[in-house]
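Numbering (my numbering), first residue to last: 26 to 99.
As structure tokens, the structure follows; a few thoughts come after it.
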Amino acid sequence: MQHILAETLSQTMPFGKYRGKKLIDLPEPYLVWFHRQGFPNSKLGRQLALMYEIKVNGLEGMLQGRGSQDPGKY
Numbered sequence: 026m027q028h029i030l031a032e033t034l035s036q037t038m039p040f041g042k043y044r045g046k047k048l049i050d051l052p053e054p055y056l057v058w059f060h061r062q063g064f065p066n067s068k069l070g071r072q073l074a075l076m077y078e079i080k081v082n083g084l085e086g087m088l089q090g091r092g093s094q095d096p097g098k099y
């Protein structure tokens, strides 16, 4: 599981408005929208679903210093 989490934290969004932004830095409303639309059936989709679960359950604190490009976060 640590490998999956580490890989997810280093993954950047490959398309759209947030292209190039790390998944950990995606806004929660965007992940909620994706959840409602349905995540892609792919590795990226699973990573987005993981970030959705982390954010909606308020678990970002456990990731402190583990990937955010935004120094003011967490």
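By construction, the Cβ of each residue, glycine as well, lies at the ideal position given by its N, Cα and C atoms.
Model, not experiment: these values are computed from the prediction.
Nearest C-alpha to S67 among T33, M26, Y55, H28: T33. Membership of I29 in the alpha helix (DSSP H) is indicated by the continuous run 27 to 35. As the crow flies, the alpha-carbon of R44 is around 21 Å from that of E78. Cβ neighbours of L75 within its own chain (closer than 6 Å, five residues either side excluded): T33. Around the beta-carbon of I49, 16 or more other beta-carbon atoms lie within 10 Å, marking it buried.
With a 10 Å radius around the Cβ and a threshold of 16 neighbouring Cβ atoms, Q62 comes out exposed.
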